[in-house]
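First to last, the protein sequences are chains F and S. Just so we're aligned: the first sequence equals residues 1 to 320 in the numbering used here. Just so we're aligned: the second sequence equals residues 321 to 640 in the numbering used here. Every residue gets a Cβ at the ideal spot worked out from N, C-alpha and C, and that includes glycine. Contents: one structure, followed by commentary.
Protein chains: 2
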Amino acid sequence: METSTRVPNPFAKRVIVVDWGTTSLRCMLVEPDGEIARETESSRGIRFIADRAFEPELMNALSSWFDEFGNLPVIALGMITSRNGWIEVPYVRCPATASDLADGIIQRRLPNGADLYFLPGITDTTRQPFPDVMRGEETQILGFGLDKEATIVLPGTHSKWAKVGQNRILGFQTFVTGEIFALMSEHSFIAKAAAKSEGIDWESYDRGVRVAENATAGDAAFLTQLFSVRTGMLANELKSEEMQDYVSGLLIGLEFRQARDCGWMKAGDSVGIVGNDGLNDRYRRAAAIFDLVTVDGGEHAAIAGALEIFASVKARSDAA
Amino acid sequence: METSTRVPNPFAKRVIVVDWGTTSLRCMLVEPDGEIARETESSRGIRFIADRAFEPELMNALSSWFDEFGNLPVIALGMITSRNGWIEVPYVRCPATASDLADGIIQRRLPNGADLYFLPGITDTTRQPFPDVMRGEETQILGFGLDKEATIVLPGTHSKWAKVGQNRILGFQTFVTGEIFALMSEHSFIAKAAAKSEGIDWESYDRGVRVAENATAGDAAFLTQLFSVRTGMLANELKSEEMQDYVSGLLIGLEFRQARDCGWMKAGDSVGIVGNDGLNDRYRRAAAIFDLVTVDGGEHAAIAGALEIFASVKARSDAA
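Here it is, written out as structure tokens:
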């Protein structure tokens with residue numbers, strides 16, 4: 001089941017959407033009908049931009065599109081709007097509507113006269129011990145749709161589980177699964193015997209997910225489960241070439257288990273999977289093992305969400 | 321409260337105890353009365369020994385003691401007895417007595433005629449999904465004493481919680497807390513803003529432990545709690561120089577929480593803390609926050625344990 005990701009572009013002309021994260025810069029030229037006409041991606045993430053020279057970097061990245069199509073409006077989102085980015089856009093609080101997000105936009109003008117709109121991230125101040133935060137994923141959640149009650153997972157380095165409904169993002173929680181996977185596979189002693197493999201060994205992946213799903217209370221401790229990578233090898237139950245995908249399954253399985261313990265879902269529920277970072281197949285498979293029905297958020301939820309926020313700006317300016 | 325760590329040396333002469341781990345080599349010359357007369361420590365752990373040249377390495381490390389005191393018996397323990405070590409000594413199964421461990425010893429002779437005894441590690445085959453294992457810590461547990469029912473924690477890279485009683489090591493569980501701390505503080509994005517600090521900031525440490533201890537079910541997810549290092553900074557609640565000890569407290573607190581969930585202890589219990597890797601102060605403090613009474617296992621529990629195993633060998637050979 002795939003939800004529609006194409007939203008009519010409220011500018012009724014081409015716009016540029018810039019998803020500028022910590023490690024990558026992605027620029028999309030969006031047609032009036034919401035279709036992506038051109039797309040570029042580079043590793044010029046904000047941490048690689050010296051002296052905060054973001055404006056020349058962006059002008060350089062977009063110069064050929066500006067030359068060809070004129071000074072199109074630019075919508076920027078992601079870590080570029082954070083404390084380490086170009087301009088720190090304050091977080092909008094959950095529960096948040098598209099209109100609340102539109103209120104949080106900070107507008108600037110580029111040297112060529114093009115309008116530049118920085119979208120805000122959101123915060124869930126009910127989380128303990130500190131408010132939880134996201135920047136960028138909220139547009140993907142909007143693109144998925146807020147009208148029906150739903151739980152959504154956004155796989156990633158710091159993956160997010162969110163609840164939507166009543167046309168609002170109701171709340172969310174971060175799980176640092178992808179980062180722990182990277183640390184484990186690149187730097188840990190536990191997994192040092194792991195061989196790099198080509199393709200995905202789904203059998204080993206599923207096994208890892210099942211270990212996380214099946215563990216009884218006495219064996220479910222996260223800090224213990226990670227050690228099973230080592231003990232499995234010592235017991236001749238895990239081969240070197242199986243370890244990488246076993247760890248991946250184990251960690252994603254532990255995320256699902258913890259999300260279940262935190263009340264994000266229970267067996268039999270339907271869960272939306274939104275994102276395009278290559279992890280969706282893994283999350284879909286884990287969801288099936290946790291007895292969940294999955295709804296695919298589509299590839300371009302971020303575009304749909306960004307346009308949705310602008311539709312809300314436009315609706316108000318039309319009414320004024 | 322400190323338990324006695326001095327056990328009469330069953331050889332009734334000097335012995336050498338070699339604790340040879342992954343990253344370090346520690347040699348101790350033990351007097352007939354159990355006292356450590358000399359001690360050396362180097363970074364010649366088994367992973368740094370090329371071509372498995374363990375014998376020349378050991379002869380070199382011990383040559384001056386052999387010259388001075390003759391061909392003393394040598395007791396070797398730790399990862400040197402593992403698959404990647406000198407000789408793989410099979411694990412002894414829990415529940416295990418000192419005598420069971422003595423049965424698992426593998427004896428060799430060094431080029432100078434000195435006897436070399438490799439002590440076995442132990443395995444708890446009741447753990448899921450794979451049997452849990454330790455090599456070296458079992459001698460520390462023995463040194464703590466097996467006669468009274470007790471729960472013991474051995475802090476470390478891969479720390480262990482164990483139950484003893486009825487003169488047996490009844491079972492144990494590994495938590496990879498120290499390794500996750502190293503990964504977080506050296507390589508993670510989450511904690512990249514952490515400043516190195518001199519000494520220990522106990523206030524930040526305690527705060528981390530309390531966050532782990534106090535978390536309600538909805539916020540207790542391990543993969544979420546780690547993110548509090550980042551969200552605390554964003555909320556201006558954690559300063560850069562506080563992060564390192566906050567993470568340390570958070571992780572050790574999560575270990576205690578998970579150990580409690582797995583049934584190793586509950587509030588009001590007494591827990592032994594055994595080890596000498598510099599973490600004991602941190603574990604004692606976490607124990608107090610979890611409302612536990614701690615019993616100090618002493619600094620030289622490993623020596624006491626190694627001699628205990630030999631007392632058992634000696635008792636049998638005397639009886640034979």
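Under 8 Å between C-beta atoms, does residue i make it to chain S?
{"i": "Val92(F)", "result": "no"}
{"i": "Ile105(F)", "result": "no"}
{"i": "His300(F)", "result": "no"}
{"i": "Pro32(F)", "result": "no"}
{"i": "Met1(F)", "result": "With a pLDDT of only 38 at Met1(F), under the threshold of 50, the placement of this residue in the model should not be trusted; the figure read from the coordinates follows. No, because no Cβ of chain S sits closer than 8 Å to the Cβ of Met1(F)."}
{"i": "Val133(F)", "result": "yes"}
{"i": "Ile16(F)", "result": "no"}
{"i": "Thr177(F)", "result": "yes"}
{"i": "Asp245(F)", "result": "no"}
{"i": "Thr25(F)", "result": "The question names Thr, but residue 25(F) in the sequence shown is Leu. Taking Cβ atoms only, chain S never reaches closer than 8 Å to Leu25(F), which makes this a no."}
{"i": "Leu292(F)", "result": "no"}
{"i": "Ile190(F)", "result": "yes"}
{"i": "Leu183(F)", "result": "yes"}
{"i": "Val209(F)", "result": "no"}
{"i": "Thr231(F)", "result": "yes"}
{"i": "Pro73(F)", "result": "no"}
{"i": "Asp296(F)", "result": "no"}
Check whether the Cβ of residue i lies closer than 8 Å to any Cβ atom in chain F.
{"i": "Glu561(S)", "result": "no"}
{"i": "Ser548(S)", "result": "yes"}
{"i": "Phe542(S)", "result": "yes"}
{"i": "Cys582(S)", "result": "yes"}
{"i": "Glu523(S)", "result": "no"}
{"i": "Asp387(S)", "result": "no"}
{"i": "Leu599(S)", "result": "no"}
{"i": "Leu430(S)", "result": "no"}
{"i": "Glu458(S)", "result": "no"}
{"i": "Arg447(S)", "result": "yes"}
Would the beta-carbon of residue i fall within 8 Å of that of residue j?
{"i": "Leu439(S)", "j": "Thr494(S)", "result": "no"}
{"i": "Leu170(F)", "j": "Val274(F)", "result": "no"}
{"i": "Leu462(S)", "j": "Ala418(S)", "result": "yes"}
{"i": "Ser508(S)", "j": "Gln564(S)", "result": "no"}
{"i": "Gly263(F)", "j": "Glu213(F)", "result": "no"}
{"i": "Gly145(F)", "j": "Met134(F)", "result": "no"}
{"i": "Gln448(S)", "j": "Asp115(F)", "result": "no"}
For residue i, name the three-state secondary structure that DSSP assigns.
{"i": "Met585(S)", "result": "coil"}
{"i": "Asp444(S)", "result": "strand"}
{"i": "Val211(F)", "result": "helix"}
{"i": "Ala622(S)", "result": "helix"}
{"i": "Trp20(F)", "result": "strand"}
{"i": "Val133(F)", "result": "strand"}
{"i": "Arg284(F)", "result": "helix"}
{"i": "Leu234(F)", "result": "helix"}
{"i": "Ile366(S)", "result": "helix"}
{"i": "Tyr91(F)", "result": "coil"}
{"i": "Phe547(S)", "result": "coil"}
{"i": "Arg403(S)", "result": "coil"}
{"i": "Phe118(F)", "result": "strand"}
{"i": "Arg580(S)", "result": "helix"}
{"i": "Leu307(F)", "result": "helix"}
{"i": "Ile252(F)", "result": "helix"}
{"i": "Leu397(S)", "result": "strand"}
{"i": "Arg372(S)", "result": "helix"}
{"i": "Ile609(S)", "result": "helix"}
Shortest alpha-carbon distance to residue i belongs to which of the options?
{"i": "Tyr525(S)", "options": "Ser568(S), Ser383(S), Leu543(S)", "result": "Ser568(S)"}
{"i": "Asp147(F)", "options": "Lys163(F), Glu137(F), Val313(F), Glu186(F)", "result": "Lys163(F)"}
{"i": "Val89(F)", "options": "Ala98(F), Trp202(F), Gly263(F), Gly78(F)", "result": "Gly78(F)"}
{"i": "Lys160(F)", "options": "Ala53(F), Asp219(F), Gly272(F)", "result": "Gly272(F)"}
{"i": "Ala606(S)", "options": "Asp539(S), Val529(S), Thr551(S)", "result": "Val529(S)"}
{"i": "Ala357(S)", "options": "Phe374(S), Val337(S), Ile366(S)", "result": "Val337(S)"}
{"i": "Glu149(F)", "options": "Ala193(F), Val295(F), Gln225(F), Lys13(F)", "result": "Val295(F)"}
{"i": "Tyr117(F)", "options": "Leu110(F), Asp124(F), Ile106(F), Thr126(F)", "result": "Ile106(F)"}
{"i": "Phe542(S)", "options": "Ala332(S), Val496(S), Trp584(S)", "result": "Val496(S)"}
{"i": "Asp124(F)", "options": "Ala53(F), Phe227(F), Cys94(F), Pro111(F)", "result": "Cys94(F)"}
{"i": "Ala194(F)", "options": "Pro111(F), Val229(F), Ser63(F)", "result": "Val229(F)"}
{"i": "Gly70(F)", "options": "Asp219(F), Ser270(F), Gly218(F), Gly113(F)", "result": "Gly113(F)"}
{"i": "Ile472(S)", "options": "Arg346(S), Arg580(S), Ser363(S), Arg334(S)", "result": "Arg580(S)"}
{"i": "Ala404(S)", "options": "Cys347(S), Arg367(S), Glu518(S)", "result": "The question names Ala, but residue 404(S) is Asn in the sequence shown. Out of Cys347(S), Arg367(S), Glu518(S), Arg367(S) has the C-alpha closest to the C-alpha of Asn404(S)."}
{"i": "Lys266(F)", "options": "Ile289(F), Ile309(F), Leu72(F)", "result": "Ile289(F)"}
{"i": "Ser240(F)", "options": "Asp201(F), Gln225(F), Gly268(F), Glu255(F)", "result": "Asp201(F)"}
{"i": "Arg428(S)", "options": "Ile500(S), Arg346(S), Trp406(S), Ser384(S)", "result": "Trp406(S)"}
Report the residue ranges of all alpha helix (DSSP H) runs contained in full by the region 456 to 513 of chain S; include only those spanning at least 4 residues, in chain order. For the region 456 to 513 of chain S, whole alpha helix (DSSP H) runs of length 4 or above, ordered along the chain, are 457 to 464, 497 to 507.
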